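**Student:** Could you have a look at this structure, given as structure tokens, before my questions?
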Amino acid sequence: MRDAKQFLAKPRDTLDQPVDEGLIQDIYAAGLLDAAARDAALNSLHPSHHWWRWANRTLLFVGTALVLAGVIFFFAHNWARMHTVSKFCLIETALWICAAAAWRRGLDTISGKVLLLSASVLVGVLLAIYGQAYQTGADAYENYVLWALLILLWVIVARFAALWILWLTVTNVALILFWVQVDAPVDFDFYFGIFLLLGIWNGLALAGREFGAAHGLAWLAGDWTRHVIWFSILCYLSIPPIALIVDDFEGGHGELAGAVALAITLGGGHIYFRRIAGDVLSLGLGILALCIVLLTLIGKVLFEISDGAMAFLALGLVVLVTSSAAAFYLRHVSRIMSDDRSD
Amino acid sequence: MTEVTKQPRTLRDVLFDLTRGGLLDENAVPRIDAYLSAQPVGTSEPWFVKLLLALGAWVSAICFVVCLGVADLVREEPQVLFAWAVGFLVAAILLRNLTRHVFPHQLALALSAMGHFFAFWGAIDLSPRDAAAAAVTGIVLCLVLYPLYRDSLHRFLSCLLAAGCLTTWIVVDEVWPLIHVEMLAKVIGIGLVFMYRPDLRVLRPLGYAMAVSVPASLFLVLLPEDVFAAPWWPANAILAIALIWLYRWISGSWGRMRTEPLILAVLATLAMACFTTPGILAAVGLMVLGYARRDLHLMGIGVIFFPVFIVVFYYDWQISLLVKSWIMAGSGAVLLAARQYLNLRNWAQESLT
């Protein structure tokens with residue numbers, strides 16, 4: 130009875146934890162299992178099947194990424210000995226093969242989705258070759274807009290997060306190039322407004338992602354999509370307030386609007402990721418953005434008062450206090466969320 | 002009809018089977034229980050909190066060093082610089098080991114960064130060979146502080162700094178063949194930490210630092226051929242042998258390597274080693290080791306490094322874009338062909354259904 134009580138009183142279950150190859154290898158490395166026992170234990174876990182599931186996907190993703198990179202490198206080389214028609218034929222053949230193979234495999238299979246992703250990348254390569262062959266002086270943003278439009282239908286039917294993120298990236302580049310190449314609104318002092326627009330565009334994408342994931346779209350539910358989009362929103366929206374601070378608060382409407390948007394985004398994001406989504410990494414990214422903007426502001430104020438040793442000392446201390454407070458808060462939130470999950 | 006959900010197998014189930022099969026002594030079970038109970042519970046500090054702490058300490062250390070410089074408190078003499086370094090490092094060790102709160106720990110990290118800075122400055126001031134002096138200083142500081150400064154983040158950063166200094170010395174003094182010796186040492190270090198002594202958790206930060214610095218040092222492919230005068234094939238050979246050793250470790254013995262998927266994995270690795278760039282082998286190795294150890298950090302390093310390396314490889318000065326395109330597409334074709342072949346086998350189709 131006493132033994133049972135002792136066992137129950139243990140702070141962590143040890144023998145009742147789910148077992149994997151790593152744990153068996155740990156015990157073997159500690160000299161508590163001999164080789165025969167380890168092999169038998171590993172066999173009993175059916176590692177080959179488990180491994181094959183993982184290797185099957187990894188080989189597909191890594192192999193496809195390498196082949197696509199090879200294709201992009203090849204056409205970036207702009208081989209002079211290869212006739213333009215041959216280039217078009219080659220890339221269009223590859224594109225059709227990928228699209229047809231995706232259709233044949235079916236978009237419910239992972240290989241079908243990856244083939245459609247490959248076809249979507251090849252559309253971009255095709256447009257780049259078009260740009261190389263017919264240098265009409267058109268702006269590069271048009272290629273990106275066209276690319277986004279041409280693959281939009283595939284993005285919708287594929288139900289594949291990687292393809293959706295590719296499409297979002299293409300639209301982001303198109304927006305930036307449009308702003309840079311076609312001129313920002315004149316006499317409106319809104320040059321930094323591009324970051325606000327990008328923030329809103331990606332914010333809509335994030336809202337769509339959250340809504341979709343909450344309503345049963347399993348293909349959108351991977352956390353990585355949320356983190357990538359949220360990170361990009363914070364990057365875009367942090368630039369205007371930093372520019373506003375550095376410009377002695379004399380920036381244009383773009384910086385001001387961006388600063389307001391960042392404040393709203395951080396507040397809303399904090400409530401959402403803390404109360405609803407329960408995502409500590411997203412909270413951490415938000416707090417990091419807040420720290421950066423806050424420290425820029427404090428640094429600016431400190432160096433306006435004095436540019437001597439005291440200003441550096443004070444800034445160093447403020448940075449320490451800020452990062453410690455942020456880390457303390459995140460640890461605290463992380464523990465609470467972890468406890469909530471285990472309950 | 003009630004549906005019975007399959008519970009994951011526990012360690013108790015596996016040990017029970019082993020005991021019943023006569024492969025495990027009954028007394029071994031309490032020993033394993035005691036061993037696992039004695040293992041320190043991993044601090045579940047999220048990686049981004051560690052990153053935040055490291056960034057904060059680094060920025061504040063820069064501010065404090067500039068403060069000392071502006072206040073004219075630092076004379077550029079090796080003895081004075083070393084005295085500052087020792088003072089800051091001792092203060093950092095004491096503060097870290099005697100306190101339990103975030104702020105003093107942060108301050109200790111910043112003080113240690115300052116100590117490192119003054120130690121490097123003193124060593125460079127003392128020696129005519131800057132890079133060699135920095136490498137020696139980095140390694141000595143790492144060796145001394147690793148046992149004294151009991152903090153996984155500091156240990157990781159200290160090892161990474163030492164490895165970075167060593168690579169910088171190899172580049173600046175152009176002792177190129179040593180890059181492969183360094184690579185070999187790091188690969189052995191990763192193997193020891195994650196495959197053979199995973200019980201020594203104190204060595205994990207060293208292992209992670211090596212896991213980051215192996216792919217990072219492969220960014221040297223960016224150097225032009227007239228600057229980087231050594232061939233890359235030894236790195237390929239080291240990484241391919243390490244990968245094959247990893248397969249052996251995963252399978253359990255050389256005898257169990259005689260299975261179709263593992264033979265194919267070895268052949269694909271050897272084929273890739275013949276023509277690919279070492280960065281791809283390093284990324285694949287980290288992903289496989291990470292999966293075998295169920296270590297998300299190792300897998301993350303491999304997954305992040307892979308696309309970054311492809312982008313960096315684009316700017317490789319040593320070979321033309323045309324050759325690079327064949328290397329990339331060829332490597333990918335080998336992997337896809339291996340997958341395609343294995344997918345045709347019955348056991349693979351069964352396991353995927």
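For the protein sequence lines, the chains are A and B, in the order given. Start counting the first sequence at 130; every next residue gets the next number (this note's numbering). Start counting the second sequence at 2; every next residue gets the next number (this note's numbering). A virtual CB, placed ideally from N, CA and C, is assigned to each residue, including glycine. Being a predicted model, the structure only gives us computed values, none of them experimental.
Give me the Cα-Cα distance between V228/B and V324/B, rounded to the nearest whole angstrom.
**Tutor:** Position 227 of the second sequence, counted from the start, is the residue given in the question as residue 228/B. Position 323 of the second sequence, counted from the start, is the residue given in the question as residue 324/B. The straight-line gap separating the alpha-carbon atoms of V228/B and V324/B is approximately 20 Å.
**Student:** Exposed or buried, M273/B, counting other C-beta atoms within 10 Å across all chains shown (16 or more means buried)?
**Tutor:** Numbered from 1 along the second sequence, position 272 holds the residue referred to as residue 273/B. Buried: at least 16 other Cβ atoms inside 10 Å.
**Student:** State yes or no: is the C-beta of A350/A nearer than 7 Å to some heavy atom of the ligand ATP?
**Tutor:** Absent from the structure shown: the ligand ATP. Ligands present: none.
**Student:** Mind checking whether A86/B and L96/B have CB atoms under 8 Å apart?
**Tutor:** By 1-based counting over the second sequence, the position of residue 86/B is 85. By 1-based counting over the second sequence, the position of residue 96/B is 95. The answer is no: Cβ separation not under 8 Å.
**Student:** Tell me where the alpha helix (DSSP H) around T354/A begins and ends.
**Tutor:** Residue numbering aside, residue 354/A sits at position 225 when the first sequence is read from its first letter. Residues 352-375.
**Student:** Give me the residue from M466/A, D469/A, I465/A, Y458/A with the minimum Cα distance to H102/B.
**Tutor:** Residue mapping note: residue 102/B aligns to position 101 of the second sequence, counting from 1. Among M466/A, D469/A, I465/A, Y458/A, the Cα nearest to that of H102/B belongs to Y458/A.
**Student:** Give me the subset of the segment 403-416 of chain A whose CB atoms are less than 9 Å from a CB atom of chain B, sorted by chain position.
**Tutor:** V409, L410, G413, L414, I416
**Student:** What residues from the segment 180-202 of chain B come within 7 Å of chain A, judged by C-beta to C-beta, listed N to C?
**Tutor:** For the segment 180-202 of chain B, which is checked against every Cβ of chain A, the residues closer than 7 Å are Y197, R198, P199, D200.
**Student:** Tell me whether G147/A sits in a helix, a strand or coil according to DSSP, three-state version.
**Tutor:** Locating residue 147/A in the first sequence gives position 18, counting from the first residue. Note that residue 147/A is Pro in the sequence shown, not Gly. The answer is strand: DSSP assigns P147/A an E or B state.
**Student:** Using a C-beta to C-beta distance shorter than 8 Å, which residues of chain A count as neighbours of T11/B?
**Tutor:** In the second sequence, residue 11/B corresponds to position 10, counting from 1. Correct list: L144, D145, Q146, P147, V148.
**Student:** Go ahead and pull the three-state DSSP assignment for T11/B.
**Tutor:** Position 10 of the second sequence, counted from the start, is the residue given in the question as residue 11/B. Of the three classes helix, strand and coil, the one that applies to T11/B here is strand, per DSSP.
**Student:** Where does H344/A sit, in a helix, a strand or coil, going by DSSP?
**Tutor:** Here residue 344/A corresponds to residue number 215 of the first sequence, with the count starting at 1. H344/A falls in the coil class under three-state DSSP.
**Student:** Within the chosen definition, does the segment 252-263 of chain B reach the segment 215-227 of chain B through at least 3 CB pairs nearer than 8 Å?
**Tutor:** no
**Student:** Is the segment 73-87 of chain B touching the segment 13-27 of chain B, taking contact as three or more C-beta pairs under 8 Å?
**Tutor:** As far as the Cβ criterion goes, the segment 73-87 of chain B does not touch the segment 13-27 of chain B, which means the pair count is below three.
**Student:** Give the interface partners of V285/B over in chain A, defined as CB-CB distance under 9 Å, in chain order.
**Tutor:** For this step, residue 285/B is matched to residue 284 along the second sequence. Ordered by position in chain A, the residues that pass the 9 Å Cβ test against V285/B are T187, V191.
**Student:** Take W308/A and list the residues in its own chain whose beta-carbon comes closer than 6 Å to its own, dropping the five residues that flank it on each side.
**Tutor:** For this step, residue 308/A is matched to residue 179 along the first sequence. The residues are I323.
**Student:** What's the call for Q154/A, buried or exposed, on a 16-neighbour Cβ count within 10 Å?
**Tutor:** Reading the first sequence from its first residue, position 25 is the one you call residue 154/A. By the neighbour-count rule (16 or more Cβ atoms within 10 Å), Q154/A is buried.
**Student:** Ignoring anything shorter than 4 residues, give me the alpha helix (DSSP H) runs that lie fully in the segment 69-125 of chain B, in order along the chain.
**Tutor:** 79-99
**Student:** Near P235/B, which residues of its chain fall below 6 Å by C-beta distance, leaving aside the five closest residues on each side in sequence?
**Tutor:** If you number the second sequence from 1, residue 235/B lands on position 234. The residues H181, in chain order, have a CB closer than 6 Å to that of P235/B in the same chain once the five nearest residues on each side in sequence are set aside.
**Student:** So with Cβ pairs under 8 Å, would you call R101/B a contact of chain A?
**Tutor:** In the second sequence, the residue the question calls residue 101/B occupies position 100. Not an interface residue.
**Student:** Taking Cβ positions, are M288/B and T187/A nearer each other than 8 Å?
**Tutor:** To locate residue 288/B, count along the second sequence from 1; it is residue 287. To locate residue 187/A, count along the first sequence from 1; it is residue 58. Their beta carbons are under 8 Å apart, which means M288/B touches T187/A by this criterion.
**Student:** Can you give me the C-alpha to C-alpha distance between I294/A and A84/B, rounded to a whole angstrom?
**Tutor:** As a working note, residue 294/A is residue 165 in the first sequence. As a working note, residue 84/B is residue 83 in the second sequence. In a straight line, the C-alpha of I294/A is about 53 Å away from that of A84/B.
**Student:** For L171/A and I201/A, I'd like the C-alpha separation in whole angstroms.
**Tutor:** Translated into positions along the first sequence, residue 171/A becomes position 42. Translated into positions along the first sequence, residue 201/A becomes position 72. In this structure, the CA atom of L171/A is about 42 Å from the CA atom of I201/A.
**Student:** Between the C-alpha atoms of P369/A and L424/A, what's the straight-line distance to the nearest angstrom?
**Tutor:** Residue mapping note: residue 369/A aligns to position 240 of the first sequence, counting from 1. Residue mapping note: residue 424/A aligns to position 295 of the first sequence, counting from 1. Going by the C-alpha atoms only, they are around 15 Å apart.
**Student:** Can you find a C-beta in chain A that's less than 8 Å from the C-beta of Q319/B?
**Tutor:** As a working note, residue 319/B is residue 318 in the second sequence. No, no contact with chain A.
**Student:** Please classify D376/A as buried or exposed, where buried requires at least 16 other C-beta atoms within 10 Å of its C-beta.
**Tutor:** By 1-based counting over the first sequence, the position of residue 376/A is 247. By the neighbour-count rule (16 or more Cβ atoms within 10 Å), D376/A is not buried but exposed.
**Student:** Out of curiosity, what's the CA-to-CA distance linking G286/B and V430/A?
**Tutor:** If you number the second sequence from 1, residue 286/B lands on position 285. If you number the first sequence from 1, residue 430/A lands on position 301. Looking at the two C-alpha atoms, the distance is approximately 49 Å.
**Student:** Run the CB neighbour count on G43/B, radius 10 Å, all protein chains shown included, and call it buried at 16 or more, exposed below.
**Tutor:** One-based indexing of the second sequence puts residue 43/B at position 42. Any reading at G43/B must be qualified, since the residue scores a pLDDT of 48, below 50, and its modelled position is unreliable; no value is offered.
**Student:** Please work out which residues of its chain come closer than 7 Å, Cβ to Cβ, to F157/B, disregarding the five sequence neighbours upstream and downstream, and give them in chain order.
**Tutor:** As a first step, residue 157/B is located in the second sequence; it is residue number 156 there, counting from the start. So the list reads P206, Y209, A210, once near-sequence residues are dropped.
**Student:** What does F202/A reach in chain B if we use C-beta pairs closer than 7 Å?
**Tutor:** Mapped onto the first sequence, residue 202/A falls at position 73. The contact set of F202/A on chain B, defined by CB atoms closer than 7 Å, consists of Y315, L322, K325, S326, M329 in chain order.
**Student:** P262/B touches chain A at which residues, Cβ-Cβ below 9 Å?
**Tutor:** In the second sequence, residue 262/B corresponds to position 261, counting from 1. What P262/B touches in chain A: S177, W180, W181, A184.
**Student:** For M288/B, report the span of its alpha helix (DSSP H) as first-last.
**Tutor:** Start at 1 with the first residue of the second sequence, and residue 288/B comes out as number 287. That run of the alpha helix (DSSP H) goes 279-294.
**Student:** Using a Cβ-Cβ distance under 8 Å, would C355/B count as near chain A?
**Tutor:** The displayed coordinates of chain B run from 2 to 354. Any statement about residue 355/B would go beyond what the structure contains.
**Student:** Is it true that the segment 268-284 of chain B meets the segment 168-175 of chain B, where meeting means three or more beta-carbon pairs spaced less than 8 Å apart?
**Tutor:** no
**Student:** Residue range of the alpha helix (DSSP H) that T238/A falls in?
**Tutor:** The residue given as residue 238/A occupies position 109 in the first sequence. Unbroken run through T238/A: none, as it is neither H nor E.
**Student:** Could you pull the start and end residues of the alpha helix (DSSP H) that W221/A belongs to?
**Tutor:** Walking along the first sequence from the start, residue 221/A turns up at place 92. For the sequence presented, residue 221/A should be read as Glu rather than Trp. Here the alpha helix (DSSP H) through E221/A covers 213-234.
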